[in-house]
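This report refers to the structure that appears directly beneath it.
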Amino acid sequence: MDSLIIEATEDSPRIMFDTVSNRFIISGESRPENAGKFYTPVINWIVNYEETLYARKHETTDDSALVFAFKLDYFNSTSAKYIMDILLIIKKLVDLGYKINIEWHYDKRDDDMLDAGNEFSDTAGLKFDFIEY
Amino acid sequence: MTQVSTAFEVYQFMSEKNILIAFTGHFDHLVTTSLLKNIKNKLTALQSVTGIDKKVYNILVESIENISKYSSFRNHGHKIAMLLLCKSDTHFTVITGNHILNTDVPALKEKLDKIASLSPLELKQMYRDQMLSKRIDENSAGLGIIDIAIKSDNHIKYDFKPLTDLTSFYLFQTEISIQK
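Chains as they are written, first to last, in the numbering used here: chain A, 1447 to 1579; chain B, 11 to 190.
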């Protein structure tokens, strides 16, 4: 599957799902006017990506993990619901046996962003690697 | 009509009250974006080592988004509202004000009182329940207000000033302590 790249705007994050390096990054600020319009295609893309994961797992010897990195400066509460949806899909994929590492990057001054990561991790039942910058 | 002398009074009032930002007008997504850009620059200029600028920014965005959720513009065709950001030595204060239908007041008041009565743990649980519930119910307590309550250690206040038989002015205030 081709990579999914959506450039950042003033109110929406950058989406860089690189299917060559297997590093998926969501970065920047997220408070789009219509969060559903922004996130639904992204979520559908991830759902469809399972086929690629399946093929790699069963038809190749590549057993490297997919890295899902969240590097957000800010997200509003509406975006939080969509981030949760993405995490629940990742959780399903992890439960199906796919290797996925989740990185949660946060500004070291931003305790709220660290708290939010812990909350997402607990709620989704996923282990996060916390990385401060 | 506004006179030069009145303008000076406004300036003096804003200086005394440490008002960093005062805005009234039509809040739409474009206006909000340009306001936020300006505010972000002011907050970044504070060069806070504690990240208070980020917390204030978070609460500001949620407060502004809260305006459109509870405003009576749907029924009256306008979305005139107010935003104030003040800073004292110990606190930042964010205040929003907007018109609301009197018929919406009791339900909103009930939600706000409920949130104000919750402990940090209860707030977290409520946040989690809301996050996992299916798509946002327009009239639900709203993740936004719960988020503001969590991030401000529940230092929220509200008031409703009756305007007409139909509408009131809804004021919502959050205090953010500067000390860690």
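Idealized CB from N, CA, C, for every residue including glycine.
Handout entry: Sub-8 angstroms separation of ALA1526 (chain A) and GLU1549 (chain A) beta-carbons
Key = no
Practice task
Can you give me the Cβ contacts of ASP99 (chain B) inside the same chain, cut-off strictly under 7 angstroms, excluding the 5 residues immediately before and after it?
Solution key: Beyond the five residues adjoining it in sequence on each side, ASP99 (chain B) comes within less than 7 angstroms, by CB distance, of no other residue in the same chain.
Practice task
Note down, in chain order, all residues in the region 28-41 of chain B with a beta-carbon under 7 angstroms from any beta-carbon belonging to chain A.
Solution key: HIS39
Exercise for the section: Rounded to whole angstroms, what's the CA-CA distance from GLN57 (chain B) to LYS50 (chain B)? Just pull it up for me. Expected result: 11 angstroms
Practice task
Work out the CA separation of THR184 (chain B) and ASP1568 (chain A) for me, nearest whole Å.
Solution key: 27 angstroms
Handout entry: Within 8 angstroms, strictly: CB atoms of MET141 (chain B) and LEU128 (chain B)
Key = no
Exercise for the section: Return the chain-ordered ranges of every alpha helix (DSSP H) run that is complete within the region 1470-1524 of chain A and spans a minimum of 4 residues. Expected result: 1481-1505
Practice task
Could you check the C-alpha separation between ALA55 (chain B) and ASN48 (chain B) for me, to the nearest Å?
Solution key: For ALA55 (chain B) and ASN48 (chain B), the distance between alpha carbons rounds to 11 angstroms.
Problem - Residue environment, VAL14 (chain B), which counts as buried when at least 16 other CB atoms sit within 10 Å - result: VAL14 (chain B) comes out exposed.
Exercise for the section: Could you check what DSSP says for ASN164 (chain B) in three-state terms: helix, strand or coil? Expected result: coil
Problem - Which listed residue (B:LYS121, B:ILE156, B:LEU118 and B:ASP123) has its alpha carbon closest to that of LYS134 (chain B) - result: B:ILE156
Problem - Nearest-angstrom Cα separation, counted from ILE110 (chain B) out to ASP1 (chain B) - result: The structure shown does not extend to residue 1 (chain B), since chain B spans only 11 to 190, so no value can be given for it.
Exercise for the section: In angstroms with no decimal places, state the Cα-to-Cα distance between THR34 (chain B) and GLY1571 (chain A). Expected result: 43 angstroms
Practice task
Spatial neighbours of PRO1478 (chain A) within its chain, please: CB distance less than 6 angstroms, with the 5 preceding and 5 following residues excluded, ordered by chain position.
Solution key: ASP1457, SER1458 and PHE1484
Practice task
Check the DSSP bridge columns for TYR1552 (chain A) and list the partner residues they point to.
Solution key: Secondary-structure assignment with DSSP links TYR1552 (chain A) through a beta bridge to A:GLU1578.
Exercise for the section: Figure out for me which residue from A:THR1524, A:PHE1566 and A:LEU1518 has the closest Cα to the Cα of ASP1556 (chain A). Expected result: A:LEU1518
Exercise for the section: Might you give, ordered along the chain, the residues of its own chain that have their beta carbon closer than 7 angstroms to the beta carbon of SER162 (chain B), omitting 5 neighbours on each side? Expected result: ILE69, THR184, GLU185 and ILE186
Exercise for the section: Measure the alpha-carbon distance for LYS1545 (chain A) versus TYR1528 (chain A) and round it to whole angstroms. Expected result: 22 angstroms
Exercise for the section: Tell me where the beta strand (DSSP E) around THR106 (chain B) begins and ends. Expected result: Per DSSP, THR106 (chain B) belongs to the beta strand (DSSP E) from 101-111.
Practice task
Identify each residue in the region 150-161 of chain B for which the Cβ-Cβ distance to at least one residue of chain A is less than 7 angstroms, and report them in chain order.
Solution key: LEU153, GLY154, ASP157 and LYS161
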